[in-house]
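> To convert, take the position in the sequence shown, counting from 1, and add 184; that gives the numbering used here. Backbone N, C-alpha and C fix where the C-beta goes; we use that ideal spot for every residue, glycine too. Quick one: the structure is below, questions incoming.
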Amino acid sequence: MGRTRRTFTAEEKLKVVMAVIQDGKVVSDVAKEFNIHPNMILNWKKEFLENAAMIFNRTRPDITEKAQQKKIDELEAKLQKKDEVIAEIAEENMMLKKTFGGRS
185 MGRTRRTFTA EEKLKVVMAV IQDGKVVSDV AKEFNIHPNM ILNWKKEFLE
235 NAAMIFNRTR PDITEKAQQK KIDELEAKLQ KKDEVIAEIA EENMMLKKTF
285 GGRS
């Protein structure tokens with residue numbers, strides 16, 4: 185019967201990778217300690233380092249939503265002002281047409 189594939193949680197992977205990165209242990213020693221193939225550890229380390237920059241790119245949803253809502257409110261106010269101006273111009277146009285009999 186074949187071996188079953190082991191699965192590791194994110195916390196377990198982090199512990200292994202940090203043993204190599206932070207503690208400065210040799211990959212082969214960590215592989216023996218955790219009974220994991222060294223290539224697996226190297227893959228996890230590579231993935232960890234490639235995705236490390238994402239930590240600093242996070243945005244806070246509450247701030248983002250507030251900023252978006254503020255922008256929406258500003259644009260709605262601007263649109264309302266433009267609607268008022270258009271209504272005023274249309275009213276003036278109608279008054280001029282009545283005054284001059286609708287002649288062009």
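Applying the criterion that 16 or more other CB atoms from any shown protein chain within 10 Å of the CB defines a buried residue, is Val-269 buried or exposed?
The residue you call residue 269 lines up with position 85 of the sequence shown. Exposed is the call here.
> Let me confirm a value: Ile-225 is counted as buried when at least 16 other C-beta atoms fall within 10 Å, else exposed. Which label applies?
What you label residue 225 is simply residue 41 of the sequence shown in a count that begins at 1. Buried, because 16 or more other Cβ atoms sit within 10 Å of the Cβ of Ile-225.
> For the alpha helix (DSSP H) that contains Asn-223, what are its first and last residues?
As a first step, residue 223 is located in the sequence shown; it is residue number 39 there, counting from the start. Here the alpha helix (DSSP H) through Asn-223 covers 222-235.
> Is Val-204 near Lys-229, with beta carbons less than 8 Å apart?
Position 20 of the sequence shown, counting from 1, holds the residue named residue 204. Position 45 of the sequence shown, counting from 1, holds the residue named residue 229. Yes, the Cβ-Cβ distance between Val-204 and Lys-229 is below 8 Å.
> Could you check the C-alpha separation between Asp-257 and Arg-242 for me, to the nearest Å?
Along the sequence shown, one-based indexing puts residue 257 at 73. Along the sequence shown, one-based indexing puts residue 242 at 58. Each residue's Cα considered, the two are about 25 Å apart.
> Out of Asn-227, Leu-263, Gln-264, Lys-254, state which residue places its alpha-carbon closest to the alpha-carbon of Lys-197.
Numbered from 1 along the sequence shown, position 13 holds the residue referred to as residue 197. Among Asn-227, Leu-263, Gln-264, Lys-254, the Cα nearest to that of Lys-197 is on Asn-227.
> Which same chain residues, not among the five before or five after Phe-150, have their C-beta less than 6 Å away from its C-beta?
This structure gives no information on residue 150, because the portion of the chain shown stretches from 185 to 288.
> What residue range does the alpha helix (DSSP H) around Ile-205 cover?
Locating residue 205 in the sequence shown gives position 21, where the first residue counts as 1. Where Ile-205 is concerned, the enclosing alpha helix (DSSP H) stretches over 194-205.
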